[in-house]
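*Asks:* Here the protein sequences line up with chains A and B, keeping their order. Note that the UniProt record's numbering has the first sequence beginning at 1, numbered continuously upward. Note that the UniProt record's numbering has the second sequence beginning at 1, numbered continuously upward. A virtual CB, placed ideally from N, CA and C, is assigned to each residue, including glycine. Computed from a predicted structure; not experimentally measured. Sending over a structure as structure tokens; questions will come in a sec.
There are 2 protein chains.
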Amino acid sequence: MKDDAPMEIPGYEDMLAAHERIRPHIRRTPILTSDYLNELTGAQLFFKCENLQEPGAFKVRGATNAVFGLSEDEARLGVATHSSGNHATCLSYAAGRRGIPCNVVMPRTAPQAKKDAVRRYGGTITECDPSTTSREETFARVQAETGGNFVHPYNDPRVIAGQGTCAKELMEQTDGVDIVIAPIGGGGMISGTCLTISTFAPETQIIAAEPEQADDAYRSFKAGHIIADDAPETIADGLKVPLKDLTWHFVSRHVTDILTTSEDEIVDAMKTTWKYLRVVMEPSCAPPLAAILKNKDRFAGKRVGVVITGGNVDLDKLPWTL
Amino acid sequence: MKDDAPMEIPGYEDMLAAHERIRPHIRRTPILTSDYLNELTGAQLFFKCENLQEPGAFKVRGATNAVFGLSEDEARLGVATHSSGNHATCLSYAAGRRGIPCNVVMPRTAPQAKKDAVRRYGGTITECDPSTTSREETFARVQAETGGNFVHPYNDPRVIAGQGTCAKELMEQTDGVDIVIAPIGGGGMISGTCLTISTFAPETQIIAAEPEQADDAYRSFKAGHIIADDAPETIADGLKVPLKDLTWHFVSRHVTDILTTSEDEIVDAMKTTWKYLRVVMEPSCAPPLAAILKNKDRFAGKRVGVVITGGNVDLDKLPWTL
Numbered sequence: 001m002k003d004d005a006p007m008e009i010p011g012y013e014d015m016l017a018a019h020e021r022i023r024p025h026i027r028r029t030p031i032l033t034s035d036y037l038n039e040l041t042g043a044q045l046f047f048k049c050e051n052l053q054e055p056g057a058f059k060v061r062g063a064t065n066a067v068f069g070l071s072e073d074e075a076r077l078g079v080a081t082h083s084s085g086n087h088a089t090c091l092s093y094a095a096g097r098r099g100i101p102c103n104v105v106m107p108r109t110a111p112q113a114k115k116d117a118v119r120r121y122g123g124t125i126t127e128c129d130p131s132t133t134s135r136e137e138t139f140a141r142v143q144a145e146t147g148g149n150f151v152h153p154y155n156d157p158r159v160i161a162g163q164g165t166c167a168k169e170l171m172e173q174t175d176g177v178d179i180v181i182a183p184i185g186g187g188g189m190i191s192g193t194c195l196t197i198s199t200f201a202p203e204t205q206i207i208a209a210e211p212e213q214a215d216d217a218y219r220s221f222k223a224g225h226i227i228a229d230d231a232p233e234t235i236a237d238g239l240k241v242p243l244k245d246l247t248w249h250f251v252s253r254h255v256t257d258i259l260t261t262s263e264d265e266i267v268d269a270m271k272t273t274w275k276y277l278r279v280v281m282e283p284s285c286a287p288p289l290a291a292i293l294k295n296k297d298r299f300a301g302k303r304v305g306v307v308i309t310g311g312n313v314d315l316d317k318l319p320w321t322l
Numbered sequence: 001m002k003d004d005a006p007m008e009i010p011g012y013e014d015m016l017a018a019h020e021r022i023r024p025h026i027r028r029t030p031i032l033t034s035d036y037l038n039e040l041t042g043a044q045l046f047f048k049c050e051n052l053q054e055p056g057a058f059k060v061r062g063a064t065n066a067v068f069g070l071s072e073d074e075a076r077l078g079v080a081t082h083s084s085g086n087h088a089t090c091l092s093y094a095a096g097r098r099g100i101p102c103n104v105v106m107p108r109t110a111p112q113a114k115k116d117a118v119r120r121y122g123g124t125i126t127e128c129d130p131s132t133t134s135r136e137e138t139f140a141r142v143q144a145e146t147g148g149n150f151v152h153p154y155n156d157p158r159v160i161a162g163q164g165t166c167a168k169e170l171m172e173q174t175d176g177v178d179i180v181i182a183p184i185g186g187g188g189m190i191s192g193t194c195l196t197i198s199t200f201a202p203e204t205q206i207i208a209a210e211p212e213q214a215d216d217a218y219r220s221f222k223a224g225h226i227i228a229d230d231a232p233e234t235i236a237d238g239l240k241v242p243l244k245d246l247t248w249h250f251v252s253r254h255v256t257d258i259l260t261t262s263e264d265e266i267v268d269a270m271k272t273t274w275k276y277l278r279v280v281m282e283p284s285c286a287p288p289l290a291a292i293l294k295n296k297d298r299f300a301g302k303r304v305g306v307v308i309t310g311g312n313v314d315l316d317k318l319p320w321t322l
């Protein structure tokens, strides 16, 4: 999306259409609960397990909505993106489902497991140097060569509409909650949640959880305009990216609050979830539980939907072993 | 149960009654699937996730059935067992649900996490030396002192009837499978499965999976009588115990086959499940998937129910990191 183009803000109907469009290709993931975690937090927690999607992340929703919304002519040229994270994997997965090409630009320093996952789903990788300049140049070249439809990892109305389907399922599966809490990086999940909840259940609060060491969204929220960090360092590797105009549109209007947590709190919450909920989730998923534990008064006695955003971790390098 | 007492063999009605009795206290755990694991194995796998029970193991079914089947007079004196595994945790959990005492005898060498779990659920631990003599003496003393109702970890009709409810749910949730495969240690889960499947769906095969390094059930099955190992060594720590008369009754009559797998195959299958199914499961849960991968022809094209028996692992000592 060009910087000077008017924003195309997705609406509630776009989210409903997305849900129908992606239904054959994604899972209506389960809600898991833990009596022990409820006791620990003083709240009634409902974990929406997007780590249990086939490619292991909620991003499959937005990626699938973009891929299956293309016309036949557009689809022929495939999709393209720059990402070394779950979006690359999910877009490759969705493109594979439709049988169209997927071109991913990722730094040569990206983890081997991420490269393997993209290739396993049929995606083509063009490597770049680990710098913004190289990434942008390389991506521009690949897109020009392939004519692929650019699907941004989060700042895309089709992607936001897709991510919003997660909160819709959460509300349906729980008969409603008082608060929905999710991690925030670029803001795709939070924006989708805002899109859905602001119409479906406007009295439900939306809280975003972020690492202190990558708290650009928190500072943006306080300042009233986007503040981007240059190269934040955090164990929550999926949450380093900044807000963009579309996601800021939603965050600034519909998020109730943004809570930050330290690296130790994130690692502890991640280990606690693995131990008591018994699912594999990424460090980037842990800020919500860490924030609840840190702010118990706020969540005490409330029904809280916690989105577990992904489960693609390096099992040889678990943070509590480092 | 005294060695010379006639066996009390649980029947199908006992399993149905158990399901009603335990319903308010256990979870109807989800079935998870993985397109990738289906591709890898050539089979259609349905993972029944007992690791997602509150105390993290299927043993909560049998333990709860025993606890809630006690009369008021019996319940007053509580329950007692010798176990350092999931049975101790699950029996403590069930006793706590009913508000009755639970006395557990476990070796002083048992992992701290297991002791903590028992105490967290309100169980009382009496430690013994890590020898059979000490365990039996200590248990006899504790039971005499407390008058507690002895609930064997697996060789108890109430426990077997309880474990059988797992296969009932699996069949209901999948509309039936061609094969059910589960790990085998003492034989409680397999016996419960036999109890249910032999009436509910007698054409469904029941396959047990065991470590090569603790293959006493396999050897018993081939020999036609119980063979017990003295002190088998295997990463699958929940599967070291021998068959007993009740479990042998079921295994010898209703199990189709027992397949064994090496330590490496077990660790690989465990890591593969964590990576692609994204749930935390114990090494003892991995022999089934390892056996499927090792015997693909046997499972090709079949609908296979795979019971994931528990999720209580030491996250600081994952086998692939050792």
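Starting from L170 of chain B and walking both ways along the alpha helix (DSSP H), at which residues does that stretch end?
*Replies:* P157 to T174
*Asks:* Note the first and the last residue of the continuous alpha helix (DSSP H) segment covering Q112 of chain A.
*Replies:* Here the alpha helix (DSSP H) through Q112 of chain A covers Q112 to R120.
*Asks:* With a Cβ-Cβ cutoff of 9 Å, do A228 of chain A and D216 of chain A count as a contact?
*Replies:* yes
*Asks:* Residue 323 of chain A CB to nearest chain B CB: under 9 Å?
*Replies:* With chain A covering only 1 through 322, there is no way to say anything about residue 323 of chain A.
*Asks:* Please work out which residues of its chain come closer than 6 Å, Cβ to Cβ, to G311 of chain A, disregarding the five sequence neighbours upstream and downstream, and give them in chain order.
*Replies:* Leaving aside the five residues that flank G311 of chain A on each side, the residues in its chain whose CB is nearer than 6 Å to its CB run, in chain order, N51, G56, V280 and M281.
*Asks:* Could you give the residue range of the beta strand (DSSP E) that holds R61 of chain A?
*Replies:* First-last for R61 of chain A: K59 to F68, but that is the alpha helix (DSSP H), not the beta strand (DSSP E).
*Asks:* Mind checking the segment 46–57 of chain B against chain A and listing, in chain order, the residues whose C-beta falls within less than 8 Å of any C-beta there?
*Replies:* For the segment 46–57 of chain B, residues whose beta-carbon sits nearer than 8 Å to a beta-carbon of chain A comprise N51, L52, E54 and G56.
*Asks:* Please go through the segment 177–226 of chain B and give each complete beta strand (DSSP E) segment of 3 or more residues, from N-terminal end onward.
*Replies:* Taking 3 residues as the minimum length, the beta strand (DSSP E) runs contained wholly in the segment 177–226 of chain B are 179–183 and 205–211, in order along the chain.
*Asks:* I want to see whether chain A comes within less than 9 Å of P30 of chain B, judged by CB atoms only; does it?
*Replies:* yes
*Asks:* Is P30 of chain B helix, strand or coil when you go by DSSP?
*Replies:* coil
*Asks:* Please name the residue or residues paired with G310 of chain B in a DSSP beta bridge.
*Replies:* B:A57
*Asks:* Quick one: does T174 of chain B have its CB under 9 Å from some CB of chain A?
*Replies:* In terms of beta-carbon proximity, T174 of chain B stays away from the interface with chain A, with every pair separated by 9 Å or more.
*Asks:* R303 of chain A by DSSP, collapsed to three states: which one?
*Replies:* strand
*Asks:* Measuring only between beta-carbons, confirm whether V151 of chain A sits less than 9 Å from chain B.
*Replies:* no
*Asks:* For M7 of chain B, report the span of its alpha helix (DSSP H) as first-last.
*Replies:* Taken as a continuous stretch (DSSP letters only), M7 of chain B belongs to no alpha helix (DSSP H), as it is neither H nor E.
*Asks:* How many whole angstroms separate the CB atoms of E169 of chain B and R28 of chain B, which I take to be in contact at a CB cut-off of 8 Å?
*Replies:* 6 Å
*Asks:* Per DSSP, what are the beta-bridge partners of P319 of chain B in this structure?
*Replies:* The partner list for P319 of chain B (beta bridge, DSSP) is empty, contrary to what the question assumes.
*Asks:* In whole angstroms, what separates the C-alpha of G147 of chain B from that of E212 of chain B?
*Replies:* 39 Å
*Asks:* Whose Cβ in chain B lies nearer than 8 Å to the Cβ of G311 of chain A?
*Replies:* Scanning chain B for C-beta atoms nearer than 8 Å to the C-beta of G311 of chain A yields R278, reported in chain order.
*Asks:* Pull the bridge partners of T261 of chain A from the DSSP assignment, please.
*Replies:* A:P211
*Asks:* Would you mind reading off the limits of the alpha helix (DSSP H) that contains P287 of chain B?
*Replies:* P287 to K294
*Asks:* Assuming F46 of chain B and V306 of chain B are in contact, meaning their beta carbons sit under 8 Å apart, how far apart are those beta carbons, in whole angstroms?
*Replies:* Right, the Cβ-Cβ distance comes to about 7 Å (below 8 Å), so this counts as a contact.
*Asks:* CA-CA distance, E172 of chain A and C285 of chain A?
*Replies:* Going by the C-alpha atoms only, they are around 22 Å apart.
*Asks:* Nearest CA to the CA of T81 of chain B: which residue from B:E72, B:K317, B:L91 and B:D73?
*Replies:* B:L91
*Asks:* I need the straight-line Cα distance from D268 of chain A to H152 of chain A, nearest angstrom please.
*Replies:* 32 Å
*Asks:* Please confirm whether Q266 of chain B and I235 of chain B have their CB atoms less than 9 Å apart.
*Replies:* According to the sequence as given, residue 266 of chain B is Ile; it is not Gln. Their beta carbons are under 9 Å apart, which means I266 of chain B touches I235 of chain B by this criterion.
*Asks:* Can you list, in chain order, the residues of the segment 245–256 of chain A whose Cβ is nearer than 8 Å to any Cβ on chain B?
*Replies:* Against chain B - using a Cβ distance shorter than 8 Å - the segment 245–256 of chain A contributes no residues.
*Asks:* By the DSSP assignment, the alpha helix (DSSP H) with H87 of chain A in it spans what residues?
*Replies:* N86 to R98
*Asks:* Leaving out five residues before and five after S83 of chain B in sequence, what residues of the same chain have Cβ atoms less than 6 Å from its Cβ?
*Replies:* P153
*Asks:* Hey, how far is the Cα of I308 of chain B from the Cα of C49 of chain B?
*Replies:* Roughly 5 Å separates the two Cα atoms.
*Asks:* Examine the Cβ distances between the segment 188–208 of chain B and the segment 3–17 of chain B and report whether three or more of them are shorter than 8 Å.
*Replies:* yes
*Asks:* Beta strand (DSSP E) containing residue 383 of chain B: first to last residue?
*Replies:* What the structure shows of chain B is the stretch from 1 to 322, and residue 383 of chain B is not part of that stretch, so it cannot be assessed.
*Asks:* In chain order, what residues of the same chain lie with their CB nearer than 6 Å to the CB of S220 of chain A, ignoring the 5 residues before and after it?
*Replies:* I226, I227 and L243
*Asks:* For a contact defined as C-beta to C-beta under 8 Å, what are the partners of L315 of chain B on chain A?
*Replies:* K271, W274, K275, L318 and W320
*Asks:* Which residues, in order along the segment 34–46 of chain B, keep a beta-carbon less than 8 Å from a beta-carbon of chain A?
*Replies:* S34, D35 and Y36
*Asks:* Tell me, please, whether the CB atom of M106 of chain A is closer than 9 Å to any CB atom in chain B?
*Replies:* no
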